[in-house]
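**Student:** Structure provided below as structure tokens; questions to follow.
In the numbering used here, the protein residues as written are 1366 to 1806.
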């Protein structure tokens, strides 16, 4: 019988609200985890300040009697909206990019320390302009290409900025107004890094070709009904793009045809972050704000079959807005846990609410709140049906029948970082005489 199991390994209190986590993608440092925090200080109502803290951890599963995650560094910073590691070494070291609430992009280099640990040191930074918050960043190196490394970032004025990392200098090569309100997200196409995608609070998803200049987008898509806040290019399959929105839907696209998505999957929460698995091309991790974290299987949709992507697993142990999430390349030692874990079926149904709960998404700029209610108090994204339809799911692993993954996630108001594992043992046709996973009882 197939099974999908999630199990918490450790919980860490970040003290300030946690909104972004990133495992280092370089194999030698795959046990290194960074976490960024954001805290709005409302002591001065006219000029609220935003503070943050950057945490660095190392994961060691070999220590039998101690927690596997150890804090090795903390740095007080401006509030952090996004973190991304460069996918390749720069200056022969791992490099972490950070988008801050003071409108600055900072680069921190990971260095070895005398006590055989690691530490981050700030090496480069640049300001995007006055009176703006840097809201997201992405590297052009998603497929491991070291040539012409660049960073794209979006900000609270609706602008995008492309930064070049050449001759040990971080400098803007292009900046333009892209969206009417906050530009929540920006991302490279990892297959053609002259192409950039962006999403904003104007509900628009846009494409940009740097060779043509930023005077007009290559496309403008209004398929999402609320603000677009997550975009990730698939590093394994050309043209495949995932987007998410406050409208609680994950859309899968073929970049050659942005008129109609390949699939639409309702996940029951605003989709703040999307992450493709670093190895397995069909696995997509979604941080769904008020509805936890989900792992989607996207093979059938990417192959052109209609219908939503089935949800393989959900991690439901956070008690606040699900903001940051990431996969680790670090291998897990030992067999899957034998203790009763949290098991999730391949389909998840949202029950009718027993009481009315007003849900609001607070803007990091503190300039507005997005209320998900109409004038009569009804919940706008009304997904009371099944989040995903029961769809037969093929094997997840490319070469093996089972899979064990290490993940990290963080939640906002309860300021918690969780490290957890997901174990997947698909039911095969030969075992059962039929296809598709069966929820464990």
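Think of the CB as a built atom: it goes at the ideal place given N, C-alpha and C, for glycine as much as any other residue.
Source: prediction; values computed, not measured.
Please tell me whether residue 1537 and residue 1528 are closer than 7 Å, where the distance is taken between their beta carbons.
**Tutor:** One-based indexing of the chain shown puts residue 1537 at position 172. One-based indexing of the chain shown puts residue 1528 at position 163. For residue 1537 and residue 1528, yes; Cβs fall inside 7 Å.
**Student:** What span of residues does the alpha helix (DSSP H) with residue 1665 cover, start to end?
**Tutor:** For the purposes of this step, residue 1665 is taken as the residue at position 300 of the chain shown. 1664-1667 is the extent of the alpha helix (DSSP H) around residue 1665.
**Student:** Classify residue 1599: buried if its beta carbon has 16 or more other beta carbons within 10 angstroms, exposed otherwise.
**Tutor:** On the chain shown, position 234 is the one that residue 1599 refers to. Looking at its Cβ environment, which holds 16 or more other Cβ atoms inside 10 Å, residue 1599 is buried.
**Student:** With DSSP as the reference, identify every bridge partner of residue 1549, one or two as the case may be.
**Tutor:** Numbered from its first residue, the chain shown carries residue 1549 at position 184. Note: residue 1549 sits in no beta bridge, so no partner.
**Student:** How far does the beta strand (DSSP E) with residue 1370 in it reach, from first residue to last?
**Tutor:** On the chain shown, position 5 is the one that residue 1370 refers to. It spans 1368-1378 - the beta strand (DSSP E) in which residue 1370 sits, taken as one unbroken run.
**Student:** Which whole runs of the beta strand (DSSP E) in the segment 1386-1467 are 3 residues long or more, in chain order?
**Tutor:** 1397-1402, 1404-1406, 1414-1424, 1434-1443, 1445-1450, 1460-1465, all fully within the segment 1386-1467.
**Student:** Going by beta-carbon coordinates alone, are residue 1594 and residue 1549 separated by less than 7 Å?
**Tutor:** Position 229 of the chain shown, counted from the start, is the residue given in the question as residue 1594. Position 184 of the chain shown, counted from the start, is the residue given in the question as residue 1549. Yes, these two residues count as a Cβ contact at 7 Å.
**Student:** Give every residue of the same chain whose Cβ lies closer than 7 Å to the Cβ of residue 1492, excluding the five residues on either side of it in the sequence, and list them in chain order.
**Tutor:** As a working mapping, residue 1492 is identified with position 127 in the chain shown. Excluding sequence neighbours, residue 1492 sits near 1468, 1469.
**Student:** Can you tell me whether residue 1778 is buried or exposed, with buried defined as 16 or more other CB within 10 angstroms of its CB?
**Tutor:** On the chain shown, residue 1778 is found 413 positions in, with the first residue counted as 1. Looking at its Cβ environment, which holds fewer than 16 other Cβ atoms inside 10 Å, residue 1778 is exposed.
**Student:** Select from 1679, 1568, 1370, 1576 the residue whose C-alpha is nearest the C-alpha of residue 1590.
**Tutor:** Position 225 of the chain shown holds residue 1590. Among 1679, 1568, 1370, 1576, the Cα nearest to that of residue 1590 belongs to 1568.
**Student:** Cutting at 8 Å between CB atoms, please list the residues of its own chain near residue 1634, excluding the five before and the five after it.
**Tutor:** For the purposes of this step, residue 1634 is identified with residue 269 of the chain shown, where counting begins at 1. Within the same chain, residue 1634 has close Cβ partners 1613, 1653, 1654, 1655, 1656, 1657, 1687.
**Student:** Which residues mark the beginning and the end of the beta strand (DSSP E) in which residue 1601 is found?
**Tutor:** As a working note, residue 1601 is residue 236 in the chain shown. Under the DSSP assignment, residue 1601 falls outside any beta strand (DSSP E); it carries neither an H nor an E label.
**Student:** Could you tell me the distance, in whole angstroms, from the CA atom of residue 1742 to the CA atom of residue 1631?
**Tutor:** Here the question's residue 1742 lines up with position 377 in the chain shown. Here the question's residue 1631 lines up with position 266 in the chain shown. Legend: pLDDT at residue 1742 = 45, less than 50; position of this residue unreliable, no value from coordinates given.
**Student:** For residue 1494, name the three-state secondary structure that DSSP assigns.
**Tutor:** On the chain shown, position 129 is the one that residue 1494 refers to. If DSSP states are grouped into helix, strand and coil, residue 1494 belongs with coil.
**Student:** Pull up the distance between the alpha-carbon of residue 1421 and that of residue 1483, whole angstroms please.
**Tutor:** Here residue 1421 is taken as the residue at index 56 of the chain shown, counted from 1. Here residue 1483 is taken as the residue at index 118 of the chain shown, counted from 1. Distance between the alpha carbons of residue 1421 and residue 1483 is about 9 Å.
**Student:** Which word fits residue 1415, buried or exposed, when buried means at least 16 other C-beta atoms lie within 10 angstroms of its C-beta?
**Tutor:** In the chain shown, counting from the first residue as 1, residue 1415 sits at position 50. Using a 10 angstroms sphere on the CB of residue 1415, the tally of other CB atoms reaches 16 or more, which defines it as buried.
**Student:** Who pairs with residue 1507 in a beta bridge, going by DSSP?
**Tutor:** Looking up residue 1507 in the chain shown gives position 142. Answer by DSSP bridge pairing: none, since residue 1507 is not bridged.
**Student:** Counting only the same chain and skipping the five closest in sequence on each side, list residues whose C-beta sits under 6 Å from that of residue 1605.
**Tutor:** Taking the chain shown and counting its residues from 1, one reaches residue 1605 at position 240. Excluding residues within five positions, the ones whose Cβ falls inside 6 Å are 1599, 1667.
**Student:** For residue 1488 versus residue 1503, is the C-beta spacing smaller than 7 Å?
**Tutor:** Taking the chain shown and counting its residues from 1, the one referred to as residue 1488 is at position 123. Taking the chain shown and counting its residues from 1, the one referred to as residue 1503 is at position 138. Taking 7 Å as the Cβ cut-off, residue 1488 and residue 1503 do not qualify as a contacting pair.
**Student:** Kindly identify the DSSP beta-bridge partner or partners of residue 1584.
**Tutor:** Counting from one through the chain shown, the residue named residue 1584 turns up at place 219. Beta-bridge pairing links residue 1584 to 1572.
**Student:** Alpha carbon to alpha carbon, how far is residue 1610 from residue 1725? Give it in angstroms, no decimals.
**Tutor:** By 1-based counting over the chain shown, the position of residue 1725 is 360. By 1-based counting over the chain shown, the position of residue 1610 is 245. Residue placement at residue 1725 is poorly supported in this model, since its pLDDT is 45, which falls under 50; the coordinates still yield a value, given next. Roughly 14 Å between the two C-alpha positions.
**Student:** Kindly indicate the opening and closing residues of the beta strand (DSSP E) around residue 1322.
**Tutor:** In the structure as shown, the chain starts at 1366 and stops at 1806, and residue 1322 therefore has no counterpart that could be examined.
**Student:** Can you list, in chain order, the residues of its chain with a C-beta nearer than 8 Å to that of residue 1781? Leave out the 5 residues immediately preceding and following it.
**Tutor:** Counting from 1 along the chain shown, the entry for residue 1781 is found at position 416. These residues qualify, in order along the chain: 1376, 1377, 1378, 1379, 1383, 1683, 1684, 1685, 1775.
**Student:** Taking the alpha-carbon positions, what's the residue 1638 to residue 1596 distance?
**Tutor:** Along the chain shown, read from residue 1 onward, the residue named residue 1638 stands at position 273. Along the chain shown, read from residue 1 onward, the residue named residue 1596 stands at position 231. In a straight line, the C-alpha of residue 1638 is about 7 Å away from that of residue 1596.
**Student:** What residue from 1581, 1453, 1432, 1660 has the CA that sits closest to residue 1809's CA?
**Tutor:** Nothing in the structure corresponds to residue 1809, since the chain is present only between 1366 and 1806.
**Student:** Work out the CA separation of residue 1485 and residue 1522 for me, nearest whole Å.
**Tutor:** The sequence position of residue 1522 within the chain shown is 157, counting from 1. The sequence position of residue 1485 within the chain shown is 120, counting from 1. If I take the Cα positions, the gap works out to 30 Å.
**Student:** Give the straight-line distance between the Cα atoms of residue 1584 and residue 1500, rounded to the nearest whole angstrom.
**Tutor:** For the purposes of this step, residue 1584 is taken as the residue at position 219 of the chain shown. For the purposes of this step, residue 1500 is taken as the residue at position 135 of the chain shown. The straight-line gap from Cα to Cα measures roughly 22 Å.
**Student:** With DSSP as the reference, please indicate the residues paired to residue 1676 in a beta bridge.
**Tutor:** Taking the first residue of the chain shown as 1, we reach residue 1676 at position 311. Residue 1676 is bridged to 1661.
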